[in-house]
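Participant: A single structure is presented below for examination.
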Amino acid sequence: MTRFSLNGTRAFVTGANTGIGQAIAIDLARQGAHVIAVGRSNMDDTLAAVREVGGLADPLIADLGSVARAIAAFGDASERFGPIDILVNNAGIIRRADSLDFSEQDWDDVMDLNLKVVFFLSQAFARACIAADRSGSIINIASILSFQGGIRIPSYSAAKSGLAGLTKTLSNEWSARGITVNAVAPGYVETNNTEALRNDPDRHQAILDRIPIGRWAQPEDIAGAVTYLASPAARYVTGITLPVDGGWLGR
Numbered sequence: 190m191t192r193f194s195l196n197g198t199r200a201f202v203t204g205a206n207t208g209i210g211q212a213i214a215i216d217l218a219r220q221g222a223h224v225i226a227v228g229r230s231n232m233d234d235t236l237a238a239v240r241e242v243g244g245l246a247d248p249l250i251a252d253l254g255s256v257a258r259a260i261a262a263f264g265d266a267s268e269r270f271g272p273i274d275i276l277v278n279n280a281g282i283i284r285r286a287d288s289l290d291f292s293e294q295d296w297d298d299v300m301d302l303n304l305k306v307v308f309f310l311s312q313a314f315a316r317a318c319i320a321a322d323r324s325g326s327i328i329n330i331a332s333i334l335s336f337q338g339g340i341r342i343p344s345y346s347a348a349k350s351g352l353a354g355l356t357k358t359l360s361n362e363w364s365a366r367g368i369t370v371n372a373v374a375p376g377y378v379e380t381n382n383t384e385a386l387r388n389d390p391d392r393h394q395a396i397l398d399r400i401p402i403g404r405w406a407q408p409e410d411i412a413g414a415v416t417y418l419a420s421p422a423a424r425y426v427t428g429i430t431l432p433v434d435g436g437w438l439g440r
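Under the working numbering, the first residue of the sequence shown is numbered 190, with each subsequent residue one higher.
Below is the structure:
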């Protein structure tokens, strides 16, 4: 067993049906974790990909749009599969509009899923770990907009900036209890969330021109950082937000 092995662990991964969440579920399973793949829609593609790499995953169809439903899903997973060792808070949405026109509903929808639910899922996870005297690992999926403002996405940039701060706070409180708390901040990734940007030729090219590595990220580029932070190799790493952005922030 290597220091990167996740054999014998259980990972609760939200938003695992597509994109970055799917890639994370596959990579964690490849390293030996039993993945509980959580999402609102069909998980067949994720499960098939996990089987291809020789891993183990079980689906949990759940709407994480409210705290009550998210906590219920976490409790269900714990009862069915056993104590959770790794929590990956990946599920999120984005709404785009000029800030002058941005609606209260779009603000609330994004903030609720991208920040509020993350906190209360993390709280439920930490309570379970501490009650059982178990160590654990929380990895939040932040964004390069945790460091920058962006345009036309006020609630998303606010939530992701808040997530970086929340990661530090929870690390400060829980690391001594055996729970590391970190975040990964993806740059521009080819997913459903960035489809509008990629369909705008000028915006797409402007973004590409700033990325030193010369391409947009693929979801699997983000997954490796999450797997590292979940592994024993990162046992002394906590409270960080790790950019995985092809060099964007260094430009």
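Think of the CB as a built atom: it goes at the ideal place given N, C-alpha and C, for glycine as much as any other residue.
Using three-state DSSP, classify A246 as helix, strand or coil.
Facilitator: For the purposes of this step, residue 246 is identified with residue 57 of the sequence shown, where counting begins at 1. Strand at A246.
Participant: Spell out the partners DSSP gives S326 in its beta bridges.
Facilitator: Locating residue 326 in the sequence shown gives position 137, where the first residue counts as 1. Paired residue(s): I275, T369.
Participant: How far does the alpha helix (DSSP H) with R219 in it reach, from first residue to last?
Facilitator: What you label residue 219 is simply residue 30 of the sequence shown in a count that begins at 1. Its alpha helix (DSSP H) spans residues 208-219.
Participant: If I measure Cβ to Cβ from C318 and keep anything under 6 Å in the same chain, skipping five residues before and after, which residues do I get?
Facilitator: Numbered from its first residue, the sequence shown carries residue 318 at position 129. The answer, listed in chain order, is G325, I368.
Participant: Once you ignore the five residues that flank S350 on each side, which residues in its own chain have a CB closer than 6 Å to its CB?
Facilitator: As a position in the sequence shown, residue 350 is number 161, starting the count at 1. Counting only Cβ-Cβ distances below 6 Å, and skipping sequence neighbours, we find S335.
Participant: Give the DSSP-derived three-state secondary structure of T356 in the structure shown.
Facilitator: To locate residue 356, count along the sequence shown from 1; it is residue 167. T356 falls in the helix class under three-state DSSP.
Participant: Would you list the residues sitting across from H223 in a DSSP beta bridge?
Facilitator: Your numbering for residue 223 matches position 34 in the sequence shown. Answer by DSSP bridge pairing, in chain order: R199, L245.
Participant: So I215 and A412 are supposed to be a Cβ contact under 8 Å. How far apart are they, rounded?
Facilitator: Along the sequence shown, read from residue 1 onward, the residue named residue 215 stands at position 26. Along the sequence shown, read from residue 1 onward, the residue named residue 412 stands at position 223. Correct: roughly 7 Å between the Cβ atoms.
Participant: With DSSP as the reference, identify every bridge partner of T430, one or two as the case may be.
Facilitator: Along the sequence shown, one-based indexing puts residue 430 at 241. Paired residue(s): A372.
Participant: Go to M300, then tell me how far its alpha helix (DSSP H) extends in each direction, as first and last residue.
Facilitator: Looking up residue 300 in the sequence shown gives position 111. Run containing M300: 293-300, per the alpha helix (DSSP H) assignment.
Participant: Buried or exposed for Y345, please, with buried defined as at least 16 other CB atoms from any protein chain shown within 10 angstroms of its CB.
Facilitator: The count along the sequence shown starts at 1 and reaches residue 345 at position 156. By the 10 Å Cβ count, Y345 comes out buried.
Participant: With DSSP as the reference, identify every bridge partner of A406, one or two as the case may be.
Facilitator: Numbered from 1 along the sequence shown, position 217 holds the residue referred to as residue 406. A406 is bridged to V378.
Participant: Assess contact between the stretch 389-407 and the stretch 347-364, defined as three or more Cβ pairs (one per stretch) separated by less than 8 Å. Is contact present?
Facilitator: The stretch 389-407, when compared against the stretch 347-364, does not touch it at the 8 Å Cβ threshold.
Participant: Quick test of the definition: if touching needs 3 or more C-beta pairs under 8 Å, does the stretch 235-253 touch the stretch 281-300?
Facilitator: These segments do not touch.
Participant: Mapping the DSSP letters down to three states, classify G439 as helix, strand or coil.
Facilitator: Sequence index remark: in the sequence shown, residue 439 carries index 250 (1-based). Looking at G439 - three-state DSSP - the assignment turns out to be helix.
Participant: Tell whether a beta-carbon distance below 7 Å holds between D434 and G354.
Facilitator: Counted from its first residue, the sequence shown places residue 434 at position 245. Counted from its first residue, the sequence shown places residue 354 at position 165. Going by C-beta atoms, D434 is not nearer than 7 Å to G354.
Participant: For N381 and T207, which I take to be in contact (beta-carbon distance under 8 Å), what is that distance rounded to the nearest angstrom?
Facilitator: Here the question's residue 381 lines up with position 192 in the sequence shown. Here the question's residue 207 lines up with position 18 in the sequence shown. The pair is a contact, with the Cβ atoms about 6 Å apart (cut-off 8 Å).
Participant: Compare the C-alpha of R240 against each of Q220, A406, V306 and name the closest.
Facilitator: Here residue 240 is taken as the residue at index 51 of the sequence shown, counted from 1. Taking only the C-alpha atoms, the option nearest R240 is Q220.
Participant: What would DSSP say about G264, mapped onto helix, strand or coil?
Facilitator: As a working mapping, residue 264 is identified with position 75 in the sequence shown. Here G264 sits in helix by DSSP.
Participant: Which of the three DSSP states is assigned to G351 in this structure?
Facilitator: By 1-based counting over the sequence shown, the position of residue 351 is 162. Three-state result, G351: helix.
Participant: Taking only three categories from DSSP, how would you classify G413?
Facilitator: In the sequence shown, the residue the question calls residue 413 occupies position 224. Three-state result, G413: helix.
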